[in-house]
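S.K.: Line by line, the protein sequences give chains A and B.
Residues in the first sequence are numbered from 1 upward in steps of one, following the UniProt record's numbering.
Residues in the second sequence are numbered from 1 upward in steps of one, following the UniProt record's numbering.
Here a beta-carbon is modelled for each residue, glycine too, at the ideal position from N, C-alpha and C.
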Amino acid sequence: MSQQPDPLKELYRQATDEALAGDPPDFETTWAAASSSPSSPGAVTFKGLLTAGGGPPALAALLLIIVVGAALLRPDAEPPAVLETDADAAPAIATSPTPAATEEEWEELARLADDIWSWQAPTDAYVLDETLDDPGGNPG
Amino acid sequence: MTPLRHQIEALHADAFRWALHQAGDRQLAEDALQAAYEALLSGAASCREPEAFKSFFFGVVRNKVRALRRRQTLSRFVALDFNALQKRPAPPPSSSGADPRVAAVQQALLTLSPRQRDLIELVFYHELTLDEAARTLGINPGTARTHYDRAKRALRTHLDAQEDACLSNPTR
């Protein structure tokens with residue numbers, strides 16, 4: 001390594017001394033402040049974020065969280081998709097229509113089913129009868 | 001006096017100059033220095049290689065300056081203080097009447113990139129090796145060498161041009 005003083009280095013020192021060679025802060029003061037401070041000046045605390053320069057964005061973020069949370073947790077919200085599993089749905093089918101259903105209710109349900117079936121059968125028969133039994137029928 | 005305190009006190013003036021070089025603002029430099037001391041005291045930053053303490057310590061100071069500057073920039077942006085956001089560190093004062101080569105170096109420094117200026121400061125003033133300077137800046141030693149060589153070449157080119165101008169016009 002060369003021991004010759006580099007003239008460029010010397011010029012650099014002279015060029016920057018005026019801007020950078022100011023008196024440093026007192027070491028004892030800085031050391032005492034650093035020793036006694038519970039957190040660094042650069043630490044961002046939640047309270048500091050709300051009350052200092054970061055207030056508006058922090059409040060906006062908080063508002064967004066509240067709005068999204070309210071939308072997700074509203075009473076008429078659909079249940080989460082994870083609940084729609086076979087394990088959850090199976091008890092509902094087994095007890096349908098309700099565990100407290102009476103025999104009359106079951107009979108009513110069966111009658112309704114019969115009605116539906118019996119409504120379709122005569123319609124087919126009517127169309128079939130009209131076509132085959134009276135092919136040249138003219139009401140007039 | 002603890003060894004850590006002894007080490008830091010020995011580097012206090014240099015660390016402040018380095019912080020001022022990074023910050024371009026005395027208040028920010030003082031805050032960053034205090035934050036760096038706190039990080040070292042609390043153990044948030046600890047040096048694994050005692051022989052490389054200076055480069056490690058300067059790296060902590062640099063990180064604190066950057067963190068505080070980001071916070072300051074955010075605060076100014078939120079406060080819509082666009083005038084303050086546009087402020088840049090003042091260029092070094094021109095030493096009129098002094099050695100013209102010094103003024104030439106000051107002008108040349110303005111043309112360097114921030115990384116090149118950092119490397120020149122660390123090597124020229126703080127006498128760090130390029131490997132130590134690279135560790136301080138968190139960059140590859142090869143990258144540091146490339147930037148350092150370019151910076152030195154730029155300074156020399158500027159100085160040569162200034163001397164040529166003086167020779168061709170001795171009345172200046």
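Once DSSP output is grouped into helix, strand and coil, what is the label at B:Ser46?
M.R.: In the structure shown, B:Ser46 sits in coil (DSSP, three-state: anything other than H, G, I, E or B).
S.K.: Taking only beta-carbon positions, decide if A:Leu64 is within less than 8 Å of chain B.
M.R.: A:Leu64 does not count as touching chain B.
S.K.: Check for me: the alpha helix (DSSP H) holding A:Thr29 runs from which residue to which?
M.R.: It spans Phe27 to Ser36 - the alpha helix (DSSP H) in which A:Thr29 sits, taken as one unbroken run.
S.K.: Give a yes or no on whether the minimum CB-CB distance between residue 173 of chain B and chain A is below 8 Å.
M.R.: One cannot answer for residue 173 of chain B here, as it falls past the ends of chain B, which runs 1 to 172.
S.K.: Could you tell me the alpha carbon to alpha carbon distance between B:Gln106 and B:Glu49, rounded to whole angstroms?
M.R.: Cα-Cα distance, rounded: 35 Å.
S.K.: Between A:Leu59 and chain B, is the shortest Cβ-Cβ distance under 8 Å, so that the two count as touching?
M.R.: So, not an interface residue.
S.K.: Using 10 angstroms around the beta-carbon of A:Trp106, count the other beta-carbons present and answer buried if the total reaches 16, otherwise exposed.
M.R.: Exposed, because fewer than 16 other Cβ atoms sit within 10 Å of the Cβ of A:Trp106.
S.K.: Classify B:Leu109: buried if its beta carbon has 16 or more other beta carbons within 10 angstroms, exposed otherwise.
M.R.: The residue is buried, with at least 16 neighbouring Cβ atoms inside 10 Å.
S.K.: Tell me whether A:Thr45 sits in a helix, a strand or coil according to DSSP, three-state version.
M.R.: Below a pLDDT of 50, predicted positions are generally treated as unreliable, and A:Thr45, at 49, falls in that range; no measurement from the model is reported.
S.K.: Taking just the CA atoms, how far does B:Asp99 sit from A:Ala60?
M.R.: Near 56 Å, if we compare the C-alpha coordinates of B:Asp99 and A:Ala60.
S.K.: Measuring only the C-alpha atoms, how far is B:Phe57 from A:Pro57?
M.R.: Their backbone Cα atoms lie some 33 Å apart in a straight line.
S.K.: Output the boundary residues of the alpha helix (DSSP H) element that contains B:Phe60.
M.R.: Phe is not the amino acid found at residue 60 of chain B; the sequence shown has Val there. Element bounds for B:Val60: Phe53 to Val78.
S.K.: I want to verify the contact list: residues of chain A whose CB lies under 7 Å from the CB of B:Val102, in sequence order.
M.R.: Correct list: Leu11, Gln14 and Ala15.
S.K.: Can you give the beta carbon distance from B:Leu33 to B:Ala15, rounded, assuming they're within the 8 Å contact cut?
M.R.: Right, the Cβ-Cβ distance comes to about 6 Å (below 8 Å), so this counts as a contact.
S.K.: What residues in the UniProt domain "RNA polymerase sigma-70 region 2" (8-72) of chain B bring their beta carbon closer than 7 Å to a beta carbon of chain A?
M.R.: Those would be Glu9, His12, Ala13, Phe16, Arg17, Leu20, His21, Arg26, Glu30, Asp31, Leu33, Gln34, Ala35, Tyr37, Glu38, Ala39, Leu41, Lys64, Ala67, Leu68 and Arg71, in chain order.
S.K.: Check the C-beta distance from B:Leu119 over to B:His147 and give it rounded, since I have them as a contact under 8 Å.
M.R.: Contact holds; Cβ gap of about 5 Å.
S.K.: Just to confirm, is the Cβ distance from B:Thr136 to B:Arg62 under 8 Å?
M.R.: A contact, by the Cβ cut-off of 8 Å.
S.K.: Indicate whether at least one CB of chain A lies closer than 8 Å to the CB of B:His5.
M.R.: The question names His, but residue 5 of chain B in the sequence shown is Arg. Taking Cβ atoms only, chain A reaches closer than 8 Å to B:Arg5, which makes this a yes.
S.K.: What is the DSSP secondary structure of B:Leu112, reduced to helix, strand or coil?
M.R.: The answer is coil: DSSP assigns B:Leu112 none of H, G, I, E or B.
S.K.: Hey, is A:Pro5's beta-carbon within less than 8 Å of any beta-carbon in chain B?
M.R.: Not an interface residue.
S.K.: Against chain A, does B:Leu110 count as a neighbour if the rule is that its beta carbon must be under 8 Å from one of theirs?
M.R.: It does not: the Cβ of B:Leu110 has no partner Cβ on chain A nearer than 8 Å.
S.K.: Hey, B:Tyr125 and A:Ala34: beta-carbon distance below 8 Å or not?
M.R.: In this structure, A:Ala34 does not lie closer than 8 Å to B:Tyr125 by Cβ.
S.K.: Are any of the Cβ atoms in chain B nearer than 8 Å to that of A:Leu8?
M.R.: Yes, because at least one Cβ of chain B sits closer than 8 Å to the Cβ of A:Leu8.
S.K.: Taking Cβ positions, are B:Ala104 and B:His158 nearer each other than 8 Å?
M.R.: It is a contact, given that the beta carbons lie within the stated cut-off.
S.K.: Relative to chain A, which residues along the region 125-148 of chain B have a C-beta separation below 8 Å, given in chain order?
M.R.: Answer in chain order: Tyr125.
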